[in-house]
Amino acid sequence: AATSGRTKAASAMAANAAPLAGVRVLEIAGLAPAPFAGLVLADFGADVVRIDRVGKNGTVAPSQDTLARGKRSVALDLKSPEGIAALKDMVRKADVFIEPFRPGVAERLGIGPSDLCELNPRLIYARMTGFGQGGDKAVEGAAGHDNCYLAVTGILSALRRKGERPQAPINLLGDFAGGGLMCALGVLLALIERNKSGKGQVIDAAMVDGATYVSSFVYRAFALGQWENDLDTVGTNVLDEGAPFYTTYTC
335 AATSGRTKAA
345 SAMAANAAPL
355 AGVRVLEIAG
365 LAPAPFAGLV
375 LADFGADVVR
385 IDRVGKNGTV
395 APSQDTLARG
405 KRSVALDLKS
415 PEGIAALKDM
425 VRKADVFIEP
435 FRPGVAERLG
445 IGPSDLCELN
455 PRLIYARMTG
465 FGQGGDKAVE
475 GAAGHDNCYL
485 AVTGILSALR
495 RKGERPQAPI
505 NLLGDFAGGG
515 LMCALGVLLA
525 LIERNKSGKG
535 QVIDAAMVDG
545 ATYVSSFVYR
555 AFALGQWEND
565 LDTVGTNVLD
575 EGAPFYTTYT
585 C
C-alpha cells in the first residue's frame, strides 16, 4: 500500500511538472492538423478537451486513435443555441481554443475570434486554414488538400525523381508540419507573450505559409544554385535521389 501511494504521488508530481500543466485547451474535433496540434499540447501536459459532434464521438476506439491521446472529450451540438451556450461557458475558463473549420464557418456559428475573445480576453484562439486569411476571399475559402497547398508553395515540384511526376509526401509536410506543428508553436509563443501583456491573441496557421517556412532550407538551396529544380534537372540533386548514397533500394 505504501509503495502504491508513493507511485501515485510520483505520477502526480510528474504531471504537475509537465511544462504545460494547468493550461486548459478546447479543441473542436476536425481532420488531421487540428487534432495533431492538440496532441502536441496534451503530450506536454495541457488539459485538452475535444469537442465532438453529437453522435460522432467514439467512432474510433481511443486505443486506436493516436491523435486523441491524453485528451478528454465532450459531445456538443454546435448548430443548436444550447450547444453554443455550453461551449461559451467552457471558453470563459479556457486558455486556448483550437478551431479547424474553413474560413467563415466559425463566424457563422457565432464562435469566431471576436465572439469568443470578447468573452475571454486572455483566450488564445488558434485556427488552421489552407491558404490563410486576409487576402483574396475566393482563394481563402477554397477547399483543398495537402497537395494543393504544396503546389502553391512550389515545393511539390521538387519532390520527384528525374523524369517522373511529383510524389506527395503523404500529408506530412502540409497538414502536420506546416499546419498542426506550426499551430502548436504559435500557441506556445502566444502563451509566452500573454505572460507579458495579459492578453490573448488569434493564431492563424496557414498551411501554405507553414509548409513554405518548413522548406526554408530547400529555398535556400534554390537561391544559392545548389539545387536544380527545372524539368530537365530535377531528380539529379543530392537530396532528391540524384545521388546513389541518398536513395532507396530493394533489399
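Take any residue in the sequence shown, note its place counting from 1, add 334, and you have its number in the numbering used here. Don't be surprised by glycine CBs; every beta carbon is placed ideally from N, CA and C. Quick caveat, the model's predicted, so the values are computed rather than measured.
Here's a check: name, in chain order, each residue in its chain whose Cβ is nearer than 8 Å to the Cβ of residue i, leaving out the five neighbours to either side.
i: Cys451; result: Leu457, Tyr459, Gly534, Val536
i: Gly475; result: Arg436, Pro437, Gly438
i: Thr487; result: Val542, Ala545, Thr546, Ser549
i: Val473; result: Phe465
Going along the chain, which residues of its own chain have a beta-carbon closer than 7 Å to the beta-carbon of residue i, five neighbours each way excluded?
i: Gly446; result: Ala440
i: Glu575; result: Arg495, Gly569, Thr581
i: Leu573; result: Tyr580
i: Asn563; result: Ser491, Ala492, Phe556
i: Gly520; result: Ala460, Ile537, Ala539
Would you grab the beta carbon distance between residue i and residue j for me? Rounded to a whole angstrom, and I think it's under 8 Å.
i: Ala371; j: Ala518; result: 5 Å
i: Gly379; j: Leu401; result: Their Cβ separation, rounded to whole angstroms, is 17 Å, which puts Gly379 and Leu401 out of contact at 8 Å.
i: Asp377; j: Thr463; result: Rounded, the Cβ-Cβ distance is 24 Å, inconsistent with contact.
Quick one: does the C-beta of residue i sit closer than 6 Å to a heavy atom of the ligand NAP?
i: Ser448; result: As for the ligand NAP, it is missing from this structure, which has no ligand bound.
Where does the unbroken beta strand (DSSP E) through residue i begin, and where does it stop?
i: Arg406; result: 405–410
i: Tyr459; result: 458–463
i: Val382; result: 381–387
Tell me which residues share the same chain as residue i and place their Cβ nearer than 6 Å to its Cβ, disregarding the 5 neighbours each side in the sequence.
i: Gly514; result: Pro367, Phe370, Ala371
i: Asp509; result: Ala366, Pro367, Asp480
i: Gln501; result: Leu493, Arg494
i: Arg358; result: Asp381, Ala428, Asp429
What are the boundary residues of the alpha helix (DSSP H) that includes residue i?
i: Ala476; result: Neither: Ala476 is in no alpha helix (DSSP H) and is coded neither H nor E.
i: Ile418; result: 415–425
**Report entry** Every unbroken beta strand (DSSP E) within the segment 353–377, with a cutoff of 3 residues, ordered by chain
**Finding:** If we require 3 residues or more, the beta strand (DSSP E) runs fully inside the segment 353–377 come out as 358–362.
Requested in this report: Assess, as a yes-or-no matter, whether the segment 352–363 is touched by the segment 422–442 under the definition of 3 or more beta carbon pairs within less than 8 Å.
Outcome: The segment 422–442, when compared against the segment 352–363, does touch it at the 8 Å Cβ threshold.
**Report entry** Sequence ranges, beta strand (DSSP E) only - wholly within the segment 509–580, length at least 3
**Finding:** Runs of the beta strand (DSSP E) inside the segment 509–580: 536–540.
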